[in-house]
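Protein chains in written order, with our numbering: chain A, 1 to 407; chain B, 408 to 814.
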């Protein structure tokens, strides 16, 4: 039996980033950068005022006081989006609005609340330091600065930064197209009536949602019955996608045909992995198309997708980080270790005075789909003897798309 | 000036869940349930075998041992998806595959590895306890059980659970349509050339992404120049949406026209809120359409969208929780409190031996859009005197879509 690391390495070795393509920035949410994004301009692009007020030469105000105010001649106005055509001369003030370029010659902007204006003159009752209310060109970002590295997933904040430097379109990786196929005579699509002996296909809806959350495009192929000809036909449809995910048909039963197909049509590796839930996992190629055969039990399918399928998708997306972030948590309950299996326990994290505490989501049998509900992390119980006690610490994988920055 | 709570209450009081609609389960990812989802069936729907092996009557095996094995007559087979037509009689065994219904009369299934089969007889060398390898009907979920409450956002796990009980389509809330309009003569769309005095419009791309992440449908209306007629025309296009989000034009400047439009065309409330970044916030109605006027500074726009816009969208979605989860974190650096402002500091959370530690993302000026990068939380620095020191604890809002269950 393979360890989780060995199995994952052998899967990941066979996936590579897909080709890059252009996307307008406003359609790039959730896409992964194919190349470093560098600033082409400064931000802000020009020195400007942080306030509504009056642009002036600070030297003119050096002697200003309540007793001896300085009066500057109001010679013009500059609003955001326009440029003051002249240079500010000694003794002059220019009305300036927030974000407007500071006129040449001026080196400060006094907010309007601190001045009086009448008959074309601005009265100043205190010295204004050079740079007051001035935002300098390039203060935020300088040209050539690295805005975001290749491999970064674009969220709203990254999009705002790239937008502010005018970077659009962006080079991103193509989204992988992932074919999803459940296997089993017993499967019926949700919404259809159930006959005796039949159950609903929950793996396909799960995988469609999980593949989309991972950043790929799911292609639903329904369920194939346990007949070689029917499965062969479905797999023929699936060829040419970037990945085929199947569920069921990889155990040792007489009707476990997925591994038989892989053996028949291409390269096949069939593993048992030291993992619970999970264990049987088929991986291989149908022609050029990689196929990951997940177990049929819904919880096993979900956990093995997390550990093997999602990283393969993230690798194809060119993501800098293909795995979920791992964090230290404190156990609320007791966990029994097993010598021959690494266990991934579905837990709900709660925040207790700064500690993240892991509570199991209930009974953890691999067919108990209710154990997935409310899970925010997978608690890792390493192979070994004895128990991990309440209050002890362990690592957990955050089942969480939006914490890529947690270290 | 209003407190953050007062301003939020006054905004939220004006939003209500939108109407419900049907969605196929496989298209319901990220949608919010409009009504409780109840189990219509049991899960599993029938008692079945957890293993490939032989269904039998456990009483037949009571005396079995290595020395005196029991031989059962192999009378048939039942695979997943089919039903054994007869009742298992004393002395009989039926070949059974994982997931197949346990035949009437049988009360256990012995895995095939523990038996020998030859010439139509199954040899049993140990007693088999009643219930061995049997999954009982309703063991996971019973009919009428609450699967997910109204207000739950459907993720892959919830979709799997509903699918396993055949629940499709589902009743979900309509996604709000949110019109997004930036204002300012100085704004240019990313990708276009920049003339002197102009800057890129980053608020629209940010809000388009953030609105989509909040679960609504963004409708981009570009940027309006600082002229009343042009703004009036854009706002006319925006009417009829579920919400209009503007950025800019709500301060005290001569060209801050959004508040003027609200005053002219409908009900208007114009606030200063005790918040940093942020402060000016306009809220009102253009006819029947609510309008939230965010500040123009990119960081102020982002933070006020988080605190006021996103909760309004979540309320329209009928989400049980409209606000981000708040957790206790430990400060890595020092934060200066301010008597008159609640501060929301952009921080990156790191996990340090089970503690979540908050590191600021750098300089926090409201025009420094780089401070949004890598932020996974908003650290709340309450109004008050003095400083919060490194190692002290504070609350933070997780900027994170996928931890709705963190308590």
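Positions of the beta carbon are idealized from the N, C-alpha and C atoms, including for glycine.
Since we're looking at a predicted model, the values are computed, not measured.
{"Check": "Residues that residue 453 of chain B contacts on chain A, provided the C-beta gap is smaller than 8 Å", "Outcome": "196, 197"}
{"Check": "Straight-line gap, residue 794 of chain B to residue 588 of chain B (C-alpha atoms, nearest Å)", "Outcome": "38 Å"}
{"Check": "Stretch-stretch touch, CB-based, cutoff 8 Å, three pairs: the region 153 to 164 of chain A with the region 615 to 631 of chain B", "Outcome": "yes"}
{"Check": "N-terminal and C-terminal residue of the alpha helix (DSSP H) that residue 636 of chain B is part of", "Outcome": "635 to 645"}
{"Check": "Cβ neighbour criterion (16 or more within 10 Å) applied to residue 73 of chain A", "Outcome": "exposed"}
{"Check": "Extent of the continuous beta strand (DSSP E) to which residue 259 of chain A belongs", "Outcome": "Looking at the DSSP string, residue 259 of chain A is not in any beta strand (DSSP E); the run it does join, the alpha helix (DSSP H), is 257 to 265."}
{"Check": "Bridge partner(s) assigned by DSSP for residue 675 of chain B", "Outcome": "B:691"}
{"Check": "Cβ pair count under 8 Å reaching 3, the region 780 to 793 of chain B against the region 749 to 762 of chain B", "Outcome": "yes"}
{"Check": "Backbone secondary structure at residue 84 of chain A - three-state DSSP", "Outcome": "coil"}
{"Check": "Chain-ordered neighbours of residue 94 of chain A on chain B, where CB pairs are closer than 8 Å", "Outcome": "Simply none; closest approach about 14 Å."}
{"Check": "Residue 132 of chain A versus residue 679 of chain B - alpha carbon distance", "Outcome": "24 Å"}
{"Check": "Residue from A:364, A:15, A:10, A:21 with nearest C-alpha to residue 412 of chain A", "Outcome": "Only positions 1 to 407 of chain A appear in this structure, which leaves residue 412 of chain A out of reach."}
{"Check": "Strand pairing of residue 54 of chain A, partner residues [DSSP]", "Outcome": "A:95, A:110"}
{"Check": "Interface residues of the region 147 to 169 of chain A facing chain B [CB-CB below 9 Å]", "Outcome": "147, 148, 154, 155, 156, 157, 158, 159, 160, 161, 162, 163, 164, 165, 166, 167, 168, 169"}
{"Check": "In DSSP terms, what residue 472 of chain B is bridged to", "Outcome": "For residue 472 of chain B, which the question treats as bridged, DSSP gives no partner whatsoever."}
{"Check": "Residues bridged to residue 200 of chain A (per DSSP)", "Outcome": "A:188"}
{"Check": "Sub-9 Å separation of residue 648 of chain B and residue 721 of chain B beta-carbons", "Outcome": "no"}
{"Check": "Neighbourhood of residue 187 of chain A by C-beta, 6 Å cutoff - its chain only, sequence neighbours within 5 removed", "Outcome": "201, 223"}
{"Check": "Residues near residue 106 of chain A in its chain [Cβ-Cβ closer than 7 Å; skip 5 each side]", "Outcome": "55, 56, 57, 88, 94"}
{"Check": "C-beta neighbour in chain B for residue 29 of chain A, strict 9 Å", "Outcome": "yes"}
{"Check": "is_contact[residue 313 of chain A, chain B] using C-beta, thresh 9 Å", "Outcome": "no"}
{"Check": "Proximity winner among A:70, A:248, A:204, A:299, relative to residue 362 of chain A (alpha-carbon distances)", "Outcome": "A:299"}
{"Check": "Ranges of the alpha helix (DSSP H) found wholly within the region 128 to 165 of chain A, counting only runs of at least 4", "Outcome": "156 to 164"}
{"Check": "Sub-9 Å separation of residue 284 of chain A and residue 293 of chain A beta-carbons", "Outcome": "yes"}
{"Check": "Cα-Cα separation, residue 111 of chain A to residue 119 of chain A", "Outcome": "19 Å"}
{"Check": "Residue 438 of chain B beta carbon less than 9 Å from that of residue 572 of chain B", "Outcome": "no"}
{"Check": "Nearest candidate by alpha-carbon position, reference residue 789 of chain B, set B:758, B:749, B:760", "Outcome": "B:749"}
{"Check": "Backbone CA spacing between residue 150 of chain A and residue 33 of chain A [nearest angstrom]", "Outcome": "5 Å"}
{"Check": "Residue 811 of chain B to residue 731 of chain B span [Cα, whole Å]", "Outcome": "Its pLDDT being 38, under 50, residue 811 of chain B is placed unreliably in this model, and the value from its coordinates should be taken loosely. Distance between the alpha carbons of residue 811 of chain B and residue 731 of chain B is about 8 Å."}
{"Check": "Within chain B, partners of residue 469 of chain A - CB distance below 9 Å", "Outcome": "Residue 469 of chain A falls outside the range modelled here, since chain A spans only 1 to 407, and no answer is possible."}
{"Check": "Short Cβ contact (9 Å threshold) for residue 43 of chain A with residue 97 of chain A", "Outcome": "no"}
{"Check": "Per-residue burial, residue 316 of chain A [other beta carbons within 10 Å of its own, 16 or more giving buried]", "Outcome": "buried"}
{"Check": "Distance between beta carbons of residue 185 of chain A and residue 483 of chain B, contact taken as under 8 Å", "Outcome": "That belief does not hold up - the Cβ atoms of residue 483 of chain B and residue 185 of chain A are roughly 16 Å apart, past 8 Å."}
{"Check": "Minimum C-alpha distance to residue 319 of chain A - residue among A:216, A:25, A:261", "Outcome": "A:216"}
{"Check": "Close Cβ partners of residue 274 of chain A (< 8 Å) along its chain, the five nearest in sequence each way excluded", "Outcome": "1, 2, 3, 4, 340, 341, 342, 383"}
{"Check": "Residue 655 of chain B versus residue 742 of chain B: straight-line alpha-carbon distance, rounded", "Outcome": "28 Å"}
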